[in-house]
Amino acid sequence: MPLADKFYFPGGGNSITFMTPAGIEGIATRMAYSSMNGMFSMIWDEAHTTEMPQKLGQAMLELTTPTWPHTFVVPKYASMFEYKQYPPANHLHMTWNLQVARLQYWMDLTGVLSITPWAARPNSIEGVDRPQPLIHLINGGENTFKSLKALR
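Per our numbering, the very first residue in the sequence shown carries number 62; after that it's consecutive.
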């Protein structure tokens with residue numbers, strides 16, 4: 062296992078190096094924290110992994126930290142413009158075999174704001190999203206409710 066990045070991890074630290082294969086479906090996420098409201102947000106979209114041509118993939122790997130794992134994803138609802146604009150970093154976390162509704166329930170239980178600013182994603186997809194709790198609707202929507210609850 063190579064050294065991850067001797068300047069990024071001053072105490073040391075190892076990494077693993079791989080390129081994720083194509084065809085893995087999951088939820089790609091990035092968590093953000095706002096010091097304005099003191100809350101965490103999860104920016105997320107359903108996605109699948111894809112492969113780059115070997116030469117292009119290697120060139121892209123060299124643009125970042127080549128000793129870290131690399132995964133190339135295609136979001137389901139976000140345009141590439143939106144995907145470059147909204148997640149707050151050049152890397153993300155992806156979980157496969159996680160149902161969207163289960164992620165939404167977790168965000169409800171933990172008070173994490175759900176952020177899906179993608180123009181192509183409907184507000185609710187039957188059979189995919191968890192039913193919108195009435196408490197959210199009567200208090201101005203999911204994120205407004207969670208923000209109000211955090212103030213208590």
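For glycine and all other residues, C-beta sits at the position ideal for the given N, C-alpha and C.
- The distance from the Cβ of T128 to that of T78 is about 6 angstroms, consistent with a contact at the 8 angstroms cut-off.
- The beta carbons of L153 and T90 sit closer together than 8 angstroms.
- Burial state of I199 is exposed, judged by a 10 Å Cβ sphere holding fewer than 16 other Cβ atoms.
- Beta-bridge annotation (DSSP): W105 is paired with T90.
- Counting of Cβ neighbours within 10 angstroms places Q165 among the buried residues, the total reaching 16 or more.
- The Cβ-Cβ distance between S102 and S96 does not fall below 8 angstroms.
- W167 is classed as exposed because its beta carbon has fewer than 16 other beta carbons within 10 Å across all chains shown.
- Taking a C-beta distance under 8 angstroms as the contact criterion, P148 and I85 do not qualify as a contact pair.
- Judged by DSSP secondary structure, T171 falls within the alpha helix (DSSP H) whose first and last residues are 161 to 171.
- The alpha-carbon of P114 is positioned some 24 angstroms away from that of P63.
- Leaving aside the five residues that flank M155 on each side, the residues in its chain whose CB is nearer than 6 angstroms to its CB run, in chain order, G87, A89.
- Take the alpha-carbon of T126 and the one of G118: they are about 13 angstroms apart.
- Annotated as distal: D106 and K145, with beta-carbon spacing of 8 angstroms or more.
- Boundaries around T205 are those of the alpha helix (DSSP H), 203 to 212, since no beta strand (DSSP E) includes it.
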